[in-house]
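Okay, structure first, notes after.
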Amino acid sequence: MSDVKLNLIAGEWLAGEAEIENRNPSDLSDLVGMFAQASADQLDATLHQARRAQAEWATYGMERKQAVLMAIGTELMARAEELGTLLSREEGKPLAEGKGEVYRAGQFFTYYAAECLRQLGENADSVRPGVEIDVRREAVGVVAVISPWNFPTATASWKIAPALCYGNAVVWKPANITPASAVALTEIIARQDIPKGLFSLVMGSGSSIGQRLVESPLVNAISFTGSVPVGKGIASAAIQNLTKVQMEMGSKNALAVMDDADLDLAVSLALGGAFGGTGQKCTASSRLVVHAAIHDAFVEKLVAGAQAMKVGHALAEGTQMGPVVSAQQLSENLAYVDLGKSEGAELACGGQRLEMPQDGFYMSPGVFLNTTTTMRINREEMFAPLTSVIKVGSFDEALSVVNDTNFGLTSGIVTRNLARATHFRRNARTGVVTVNLPTAGTDYHVPFGGRGDSSYGPREQGRAAAEFYTTVKTAYISAGAPQ
Ligand code: NDP
Numbered sequence: 002m003s004d005v006k007l008n009l010i011a012g013e014w015l016a017g018e019a020e021i022e023n024r025n026p027s028d029l030s031d032l033v034g035m036f037a038q039a040s041a042d043q044l045d046a047t048l049h050q051a052r053r054a055q056a057e058w059a060t061y062g063m064e065r066k067q068a069v070l071m072a073i074g075t076e077l078m079a080r081a082e083e084l085g086t087l088l089s090r091e092e093g094k095p096l097a098e099g100k101g102e103v104y105r106a107g108q109f110f111t112y113y114a115a116e117c118l119r120q121l122g123e124n125a126d127s128v129r130p131g132v133e134i135d136v137r138r139e140a141v142g143v144v145a146v147i148s149p150w151n152f153p154t155a156t157a158s159w160k161i162a163p164a165l166c167y168g169n170a171v172v173w174k175p176a177n178i179t180p181a182s183a184v185a186l187t188e189i190i191a192r193q194d195i196p197k198g199l200f201s202l203v204m205g206s207g208s209s210i211g212q213r214l215v216e217s218p219l220v221n222a223i224s225f226t227g228s229v230p231v232g233k234g235i236a237s238a239a240i241q242n243l244t245k246v247q248m249e250m251g252s253k254n255a256l257a258v259m260d261d262a263d264l265d266l267a268v269s270l271a272l273g274g275a276f277g278g279t280g281q282k283c284t285a286s287s288r289l290v291v292h293a294a295i296h297d298a299f300v301e302k303l304v305a306g307a308q309a310m311k312v313g314h315a316l317a318e319g320t321q322m323g324p325v326v327s328a329q330q331l332s333e334n335l336a337y338v339d340l341g342k343s344e345g346a347e348l349a350c351g352g353q354r355l356e357m358p359q360d361g362f363y364m365s366p367g368v369f370l371n372t373t374t375t376m377r378i379n380r381e382e383m384f385a386p387l388t389s390v391i392k393v394g395s396f397d398e399a400l401s402v403v404n405d406t407n408f409g410l411t412s413g414i415v416t417r418n419l420a421r422a423t424h425f426r427r428n429a430r431t432g433v434v435t436v437n438l439p440t441a442g443t444d445y446h447v448p449f450g451g452r453g454d455s456s457y458g459p460r461e462q463g464r465a466a467a468e469f470y471t472t473v474k475t476a477y478i479s480a481g482a483p484q
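This note's numbering applies: residue 2 is where the sequence shown begins, and numbers increase by one.
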């Protein structure tokens, strides 16, 4: 088929061993496109070429690298409307979120463009007289980027941009559910002044091409975002080759709402945090830990807000929540609704499959009440437009419930009390903590990552990314006496 979108293998756009179709989850009659699936041989070929290209990239001056990253970022930002539309069409998030994501992806590239010029080392005197020490960072080599579908452009960009900035080659295996955004980003990168094969796109399923990629001894580092079971499998594969690994794997984030909170602010943070991106965010507010004194008033407004949310086609005007991404995700979500009810939670609203004029994976935003921390709906990442209210009697109990999870990505508190906000900020066991702000929504110039099952390895984003994408070299220099 002539309009199949291809993989970028060793610098060439190539057809694969098979093709998959990609359909719009808002309207299954809309075929987004056909996408090539890379073969094992193609993967091996591109990994070999990546190694050669990386050596060449290492010789580029820093201004030349900076220009490449700046051009990618500038183009993404300039085309945010067009590429955001494509992203929303294939992933299902409302257009404003799709455009925002592409723009943010551009900012990752422009941020790391500037970082190309800021790679400073350290120096020291040796304990041995006449010897000086120079400590600097070097590229790791070939980096495998494995990204999920929920932020198909932004997540990939916050990995690809620092990988290139710090001098690495990249082999990118995007989620097979969102290949169109991957091809669009790859087309931009491939047009730049980079060595042939420095950047590769290998579309295909995680269990085949993804698994082969993480098992390859030609890969020096793996950056992964996705589910815990897949992450653990990747870590096991990586350790066989002693490959460096960094993983971000979702969470069970809690927003604590105190009795002194601004009620309207708390409700709007909860609605945005729980249902933004159709709840398919690793930073989603899936547990709402609410003080008893404000509980009833909060719940009344929360349920009314959830019921008023306009669910619809991602590209339709006024849509506040799009469909979920796939049939599988929808059926898992509905199974969680049944599970919650069977565990004794009260479904106050939503959680139902919705029929729309067009065939898609629609469901209504759901709120569970009277839930406890031991219920599976409060322990497992659902990745659904579902949230649970847990009633607590005090600030101390709220903090203990927030921390009662195997995950630890983000947490938040809504309060006007400085002492409570400060104590929470210092004692919540998460990598990100927010005060009077949503649990979702982070900046790009500071570290991002979690604790527990949420993350493994060095932090992503900001300057913290250098820890993963570089290795440290300590040089000892004896200059001798001048003649
Ligand atoms: P996965 O963990 O299966 O997928 C994430 C990425 O890993 C995709 O690119 C996937 O490829 C790839 N992958 C899958 N298996 C392997 C493997 N054996 N080796 C290498 N790469 C692999 O997540 P799903 O998309 O299936 O989502 C399932 C659940 O994971 C969600 O419901 C949610 O709970 C969680 N999740 C969390 C995310 C987060 O932001 N932390 C993001 C996405 C999901 P492919 O998709 O092509 O198979």
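Beta carbons: idealized from backbone N, C-alpha and C, even for Gly.
Task: CB contact flag (Ala54, Ala170, <7 Å) - done: yes
Open item on the list: Using the three-state DSSP reduction, which class does Leu331 fall into: helix, strand or coil?
Closed with: helix
- [ ] Work out the CA separation of Gly227 and Gly432 for me, nearest whole Å.
- [x] 17 Å
TODO: From the DSSP output, read off the bridge partner residues of Cys283.
DONE: BP columns for Cys283 are empty, so no partner.
- [ ] Take the Cβ of Ala328 as the centre, count every other Cβ of all protein chains shown within 10 Å, and call the residue buried at 16 or more, exposed below.
- [x] For Ala328, the number of other beta carbons within 10 angstroms of its own is below 16, and it is reported as exposed.
Open item on the list: What residue range does the beta strand (DSSP E) around Arg418 cover?
Closed with: Note on identity: in this sequence residue 418 is Asn, with Arg being the wrong assignment. Looking at the DSSP string, Asn418 is not in any beta strand (DSSP E), and its letter there is neither H nor E.
Task: beta-carbon Ser208 near ligand 1 non-hydrogen atom, thresh 6 Å - done: yes
TODO: Taking 7 Å as the cut-off, decide whether the C-beta atoms of Ala257 and Ala399 are in contact.
DONE: yes
TODO: May I ask you to verify whether the region 207 to 226 touches the region 120 to 139, counting CB pairs closer than 8 Å and requiring at least 3?
DONE: As far as the Cβ criterion goes, the region 207 to 226 does not touch the region 120 to 139, which means the pair count is below three.
Task: Ser148 versus Phe225: straight-line alpha-carbon distance, rounded - done: 6 Å
Open item on the list: Just to confirm my understanding: we take Gln247, look at its own chain, exclude 5 residues before and 5 after, and list those with CB closer than 6 Å. What are they?
Closed with: Result list for Gln247: Ser224, Gly458, Pro459 and Phe469, in chain order.
- [ ] Assuming Leu186 and Ala157 form a contact by the criterion Cβ under 8 Å, report the distance between their Cβ atoms to the nearest whole angstrom.
- [x] Contact annotation, Leu186 with Ala157: C-beta distance approximately 6 Å; criterion of less than 8 Å satisfied.
TODO: Express the C-alpha separation of Arg119 and Ala467 in angstroms, rounding to a whole number.
DONE: 11 Å
- [ ] With a threshold of 6 Å, establish whether the CB of Ile147 neighbours any heavy atom of ligand 1.
- [x] yes
Open item on the list: Under 6 Å: does the beta carbon of Gln212 sit that close to some heavy atom of ligand 2?
Closed with: Ligand 2 is not part of this structure, which contains only ligand 1.
Open item on the list: In whole angstroms, give me the CA-to-CA distance for Asn177 and Leu438.
Closed with: 33 Å
- [ ] May I ask you to report which of helix, strand or coil DSSP gives Asn404?
- [x] Asn404 sits in coil when the DSSP states are folded into three classes, being neither helix nor strand.
Open item on the list: Please report the straight-line C-alpha distance between Gln43 and Ile10, rounded to a whole angstrom.
Closed with: 6 Å
Task: Residues that Lys1 bridges to, as DSSP identifies them - done: The structure shown does not extend to residue 1, since the chain is modelled only from 2 to 484, so the question has no answer here.
- [ ] Just the C-alpha distance for Ala238 and Glu461, rounded to the nearest angstrom, thanks.
- [x] 21 Å
Task: According to DSSP, residues forming a beta bridge with Glu461 - done: Phe449
Task: Cβ-based burial, Tyr477 [other Cβ within 10 Å; buried from 16] - done: exposed
- [ ] Please classify Ser40: is it buried, with 16 or more other beta-carbons within 10 angstroms of its beta-carbon, or exposed?
- [x] buried
- [ ] Compare the C-alpha of Trp150 against each of Glu91, Thr372, Asp360 and Val447 and name the closest.
- [x] Comparing Cα positions, the closest option is Glu91.
- [ ] Hey, could you find the ends of the alpha helix (DSSP H) Arg486 is sitting in?
- [x] Nothing in the structure corresponds to residue 486, since the chain is present only between 2 and 484.
Open item on the list: For Lys474 and Val415, what's the separation of their Cα atoms in angstroms?
Closed with: 45 Å
Task: Near ligand 1: Val226 beta-carbon under 6 Å from a heavy atom - done: Note that residue 226 is Thr in the sequence shown, not Val. True, at least one ligand heavy atom lies under 6 Å from that Cβ.
Task: Where Met2 falls, given that 16 or more other Cβ within 10 Å makes a residue buried - done: Its pLDDT being 44, under 50, Met2 is placed unreliably by the model, and nothing is read from it.
Task: Nearest neighbour of Glu123, chosen from Arg138, Ala114, Glu76 and Leu84 [CA to CA] - done: Arg138
Open item on the list: Please tell me whether, using a cut-off of 6 Å, the distance from the CB of Glu22 to the nearest non-hydrogen atom of ligand 1 is below it.
Closed with: no
TODO: Take Arg52 and list the residues in its own chain whose beta-carbon comes closer than 8 Å to its own, dropping the five residues that flank it on each side.
DONE: Gly142, Val143, Ala170 and Leu219
TODO: Would you check whether ligand 1 has a heavy atom nearer than 6 Å to the C-beta of Val231?
DONE: yes
- [ ] Would you be able to state if there are at least three C-beta pairs under 8 Å between the region 356 to 367 and the region 305 to 312?
- [x] These segments touch.
Task: Three CB pairs or more closer than 8 Å across the region 108 to 116 and the region 439 to 453 - done: Segments in contact, yes.
Open item on the list: Given the structure, does Asn177 come close to ligand 1, in the sense that its CB is under 6 Å from one of the ligand's heavy atoms?
Closed with: yes
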